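Asker: Order-wise, the sequence lines are chains A and B. Heads up: the first sequence begins at 2 in the working numbering, then just goes up one per residue. Heads up: the second sequence begins at 1332 in the working numbering, then just goes up one per residue. Note that CB positions come from ideal geometry on N, CA and C, so glycine has one too. None of these values were measured; they are calculated from a predicted model.
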Amino acid sequence: MPLIEVREPGLFTTVQDLGREGFGPMGVSPSGAADAVSLRTGNRLVGNADGAAGLEMTLLGGTFEFPDGAVVALAGSDFGATLDGKPMELWVTFETKSGQVLKMGPTRTGARCYLCVRGGIEAKLFLGSASTHILSGLGGHEGRALRKGDVLKIGAASGSARKRRISARALKETQPRRVLRVTPGPQSERFSEAAQRLFYAGRYLVAEESNRMGIRLKSEAVLDTPGGKMISEGVSLGAIQVPEGGQPIILFVEQQTTGGYPKIANVISADFHSLGQLRPRDVVRFERVDWETARSLLKEQEELLASEALFE
Amino acid sequence: MALNGCEFRAAGDQSMIVYFGEEISVRAHEQVRKLVRLLQDEPAAGIRNLHPAYCSVLVVFDGVRLRHEDVEAVLREYIARMDRLALPEARLVEIPVCYGGEFGPDLAEVGSLHGMTAAQAIELHASVEYLVYFLGFVPGFAYLGELPEALVTPRLAAPRRKVPAGSVGIAGSQTGVYPFATPGGWRLIGRTPVAMFRAEREGLSLLSIGDRVRFTPVSAERFAEMEKACR
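#1: Could you list the residues in the segment 266-286 of chain A with a C-beta less than 7 Å from some C-beta on chain C, going in chain order?
#2: Within 8 Å, do at least three Cβ pairs link the segment 190-204 of chain A to the segment 216-230 of chain A?
#3: By DSSP's criteria, TYR205/A is part of a beta bridge. Which residues make up the other side?
#4: Within its chain, find whatever has a CB closer than 8 Å to the CB of SER1356/B; leave out the 5 residues flanking it on each side and keep chain order.
#5: Report all residues from its chain with a CB closer than 7 Å to the CB of GLU57/A; omit the five preceding and five following residues, and keep chain order.
#6: In chain order, what residues of the segment 240-252 of chain A put their CB closer than 7 Å to some CB of chain B?
#7: CYS1386/B versus chain A: which residues are under 7 Å apart at the beta carbon?
#8: For the segment 1374-1410 of chain B, which segments carrying the alpha helix (DSSP H) assignment without a break, of at least 4 residues, lie completely within its bounds, in sequence order?
#9: Using only the alpha-carbon positions, how far apart do VAL207/A and ALA1411/B sit?
#10: So what's LYS264/A in DSSP terms, helix, strand or just coil?
#11: List in chain order: all unbroken beta strand (DSSP E) runs of 3+ residues lying wholly within the segment 29-75 of chain A.
#12: Which of helix, strand or coil does DSSP assign to LYS1493/B?
#13: Quick one: give me the first and last residue of the beta strand (DSSP E) that MET1347/B is part of.
#14: Examine chain B for any beta-carbon lying closer than 8 Å to the beta-carbon of THR15/A, and answer yes or no.
#15: Please report whether the beta-carbon of GLY11/A lies at a distance below 8 Å from any beta-carbon of chain B.
#16: Any beta carbon of chain A sitting closer than 8 Å to that of ALA1333/B?
#17: Would DSSP call VAL1367/B helix, strand or coil?
#18: Can a CB atom of chain A be found closer than 8 Å to the CB of GLU1420/B?
#19: What do you reckon, are the CB atoms on GLY1541/B and ARG1364/B nearer than 8 Å?
#20: Checking contacts by CB at 8 Å: is GLN1345/B closer than that to chain A?
#21: Is it buried or exposed for LYS264/A, if we count other Cβ within 10 angstroms and need 16 for buried?
#22: Along the segment 186-213 of chain A, where does the CB come closer than 8 Å to a CB of chain B? Name the residues.
#23: Which value, in whole angstroms, describes the spacing of the CA atoms of SER78/A and GLY246/A?
#24: Looking at chain B, is there any beta carbon in it that lies within less than 8 Å of the beta carbon of LEU4/A?
#25: Out of ASN212/A, GLY260/A, ILE251/A and GLY239/A, point me to the one whose CA is closest to MET231/A's CA.
#26: What residues are listed by DSSP as bridge partners for THR1484/B?
#27: Give me, in chain order, the residues of the same chain whose beta-carbon lies closer than 6 Å to that of PHE127/A; leave out the 5 immediate sequence neighbours on both sides.
#28: Apart from the five residues on each side of it in sequence, which residues of its chain come closer than 6 Å, Cβ to Cβ, to ALA1502/B?
#29: Give a yes or no on whether the minimum CB-CB distance between VAL1357/B and chain A is below 8 Å.
#30: Would you decide whether MET1332/B is buried or exposed? Buried here means 16 or more other CB atoms lie within 10 Å of its CB.
#31: Would GLY1394/B count as contacting chain A if we go by Cβ distances under 8 Å?
#32: Taking all protein chains shown into account, do 16 or more other C-beta atoms lie within 10 angstroms of the C-beta of ALA1342/B, making it buried, or fewer, making it exposed?
#33: Quick check on DSSP: helix, strand or coil for ALA1333/B?
#34: What are the residues of the segment 1508-1532 of chain B that lie near chain A, defined by any Cβ-Cβ distance shorter than 9 Å?
#35: CB-CB under 6 Å to GLY277/A, same chain, minus the five flanking residues each way: which ones, in chain order?
#36: In terms of DSSP beta bridges, what is ILE155/A paired with?
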């Protein structure tokens, strides 16, 4: 079985696929790629199914060697990749030969870059998914981020992969956004009008403590939170909860499944991948859209990802 | 409203919550359990995930195929059939706990807040059978209620950055066991050597929604023996 040798792991690199949906009754959140659009696109470039497992690198990429060679693609943010010192482009299929070294550095754009390899990363599945769930130490490669010296296995692939490139149109349409589109949250109406105005007018800084569980936001504007008791309830991906301090938290892929804070809004599904590219100190704001808009944006995104228009 | 007194509310563009009233009660809990059970036994097309809680269920669906009103119609049809569903007899699970000391750093304070000794607080905590209202927060974390009235204590003002796995905590009228080392604001009164969630175990989670739980005090020596055996 072909291998990947981890020369340098980078800051925080994990095995991710599209996650495990359906285990909410056990308190297990889906996890999965923080920027699923990039992972899916990268997989398409190497001829994999959308949901094959790849490596998710965060802010600072790793260095990898492929002793048996591999067909790979990089997707997401530009981590200044080089192959034996030669700069490599994102969003295109390329080959690495035995002994060549693929090296990534610090990000030049957003938070995450995906390394997809033809055949996918082989990992022991936990609840049907190879995705690493860091908090519980389950899934992925030994339930943890990669370390120097780790050796990963590449899965079997059939047929041959064409060299392809993602189209300019597809890149434009899936460009990560800083203006996050939201729909109302289940407790929107319990927030005062002033709090709602402030929320939609505010500019929010992404805090350092943000991670795959949640993106913590900071602003000078403190939202007053609704009084009255709130009984813990199920919370959805992208829910924007406002704890007593008045600074919102966006629940992310490795989220808690239930929570007791009121939610003022929910990021739309078509913008989930944008959350995965937010870095600490990035500035975001929120724009309200209606349910039909949210739905048609999701539909368009899914259609694009499934179509040939994805490629040049 | 109307139907079984439940209420539907959109959560995200691919999720909605059905509420069975706005009180923590055994009746609401049974409705939650019945809906989850029906949807697990007879999965509905396009429904992807369920997050049950005290008196509500968050339903995650495929937003390309379904709109909120479609999901509501499906859920109403399931809810209408719930009354005919009999829930299985509850399982009773015993969880050994070594109370106090380094395992329960807040035990003494909990006792003094209620004008009782640590031993009295332990006795009270271990004196009743708790209901698993639901699992949430992190994998295998069971929300257990109700604590005896005399033990009801607010959560810590400042949560701990890291609570060790197996820690038994109380907060408000709830109690529970942290399956993993996580941040947490519950007051810690003891620790169990038993794994609450294990990937290689059938069913994964030691506890499931609707189970009954009883805590049994064990000595530090017994804790050490059991911890060794669990490994």
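Answerer: According to the structure data:
#1: Within the model displayed, chain C is absent; protein chains A and B are what it includes.
#2: Touching, yes, given that three or more Cβ pairs across the two stretches are closer than 8 Å.
#3: To locate residue 205/A, count along the first sequence from 1; it is residue 204. BP columns for TYR205/A point to VAL285/A.
#4: Within the second sequence, numbered from 1, the residue matching residue 1356/B stands at position 25. Cβ neighbours of SER1356/B within its own chain (closer than 8 Å, five residues either side excluded): CYS1386.
#5: Against the first sequence, residue 57/A aligns to sequence position 56. Excluding positions up to five away in sequence, the list reads THR14, THR15, GLN17, ALA34, ALA35, ARG113 and TYR115.
#6: ALA240
#7: Along the second sequence, read from residue 1 onward, the residue named residue 1386/B stands at position 55. Near CYS1386/B (Cβ distances below 7 Å), the residues of chain A are ILE232.
#8: The qualifying runs do not exist here; there are none.
#9: As a first step, residue 207/A is located in the first sequence; it is residue number 206 there, counting from the start. As a first step, residue 1411/B is located in the second sequence; it is residue number 80 there, counting from the start. Approximately 45 Å, taken between the alpha carbons.
#10: Translated into positions along the first sequence, residue 264/A becomes position 263. In this structure, LYS264/A counts as strand in the three-state DSSP scheme.
#11: 55-59 and 64-66
#12: The sequence position of residue 1493/B within the second sequence is 162, counting from 1. It is a strand residue.
#13: To locate residue 1347/B, count along the second sequence from 1; it is residue 16. That run of the beta strand (DSSP E) goes 1346-1351.
#14: Position 14 of the first sequence, counted from the first residue, corresponds to residue 15/A. No, because no Cβ of chain B sits closer than 8 Å to the Cβ of THR15/A.
#15: Here the question's residue 11/A lines up with position 10 in the first sequence. It does not: the Cβ of GLY11/A has no partner Cβ on chain B nearer than 8 Å.
#16: On the second sequence, position 2 is the one that residue 1333/B refers to. Summary for ALA1333/B: the model assigns pLDDT 43, below 50, so the residue's position carries little reliability, and this model does not support an answer.
#17: Counting from 1 along the second sequence, the entry for residue 1367/B is found at position 36. Looking at VAL1367/B - three-state DSSP - the assignment turns out to be helix.
#18: Here the question's residue 1420/B lines up with position 89 in the second sequence. It does not: the Cβ of GLU1420/B has no partner Cβ on chain A nearer than 8 Å.
#19: Against the second sequence, residue 1541/B aligns to sequence position 210. Against the second sequence, residue 1364/B aligns to sequence position 33. Result yes, Cβ atoms of GLY1541/B and ARG1364/B sit closer than 8 Å.
#20: What you label residue 1345/B is simply residue 14 of the second sequence in a count that begins at 1. By this cut-off, GLN1345/B is an interface position.
#21: Working through the first sequence from its first residue, we reach residue 264/A at position 263. LYS264/A is buried by the Cβ-count criterion.
#22: Of all residues in the segment 186-213 of chain A, only GLY186 and PRO187 come within less than 8 Å of chain B when Cβ atoms are compared, listed by chain position.
#23: For the purposes of this step, residue 78/A is taken as residue 77 along the first sequence, with counting starting at 1. For the purposes of this step, residue 246/A is taken as residue 245 along the first sequence, with counting starting at 1. If I take the Cα positions, the gap works out to 32 Å.
#24: To locate residue 4/A, count along the first sequence from 1; it is residue 3. No, LEU4/A does not count as interfacial toward chain B.
#25: Along the first sequence, one-based indexing puts residue 231/A at 230. In this structure, GLY260/A is the residue among ASN212/A, GLY260/A, ILE251/A and GLY239/A with its C-alpha nearest to the C-alpha of MET231/A.
#26: Counting from 1 along the second sequence, the entry for residue 1484/B is found at position 153. THR1484/B pairs with GLY1503/B.
#27: Position 126 of the first sequence, counted from the first residue, corresponds to residue 127/A. LEU139 and GLY140.
#28: Position 171 of the second sequence, counting from 1, holds the residue named residue 1502/B. Contacts found: ARG1486 and TRP1517.
#29: Taking the first residue of the second sequence as 1, we reach residue 1357/B at position 26. No, VAL1357/B lies away from the interface with chain A (no Cβ there is under 8 Å from its Cβ).
#30: Walking along the second sequence from the start, residue 1332/B turns up at place 1. Since pLDDT at MET1332/B reaches only 40, below the 50 mark, its modelled position is unreliable, and no value is offered.
#31: On the second sequence, residue 1394/B is found 63 positions in, with the first residue counted as 1. With 8 Å as the cut-off, GLY1394/B counts as an interface residue toward chain A.
#32: In the second sequence, residue 1342/B corresponds to position 11, counting from 1. Counting other Cβ atoms within 10 Å of its Cβ, ALA1342/B reaches 16 or more and is therefore classed as buried.
#33: Stepping through the second sequence from its first residue, residue 1333/B is reached at position 2. The predicted position of ALA1333/B is uncertain, since its pLDDT is 43 and thus under 50; a value taken from the coordinates is nonetheless stated next. Three-state result, ALA1333/B: coil.
#34: PRO1510, PHE1511, ALA1512, THR1513, PHE1528 and ALA1530
#35: On the first sequence, residue 277/A is found 276 positions in, with the first residue counted as 1. ALA35, ASP36 and ARG113.
#36: Position 154 of the first sequence, counted from the start, is the residue given in the question as residue 155/A. Answer by DSSP bridge pairing, in chain order: ILE122/A.
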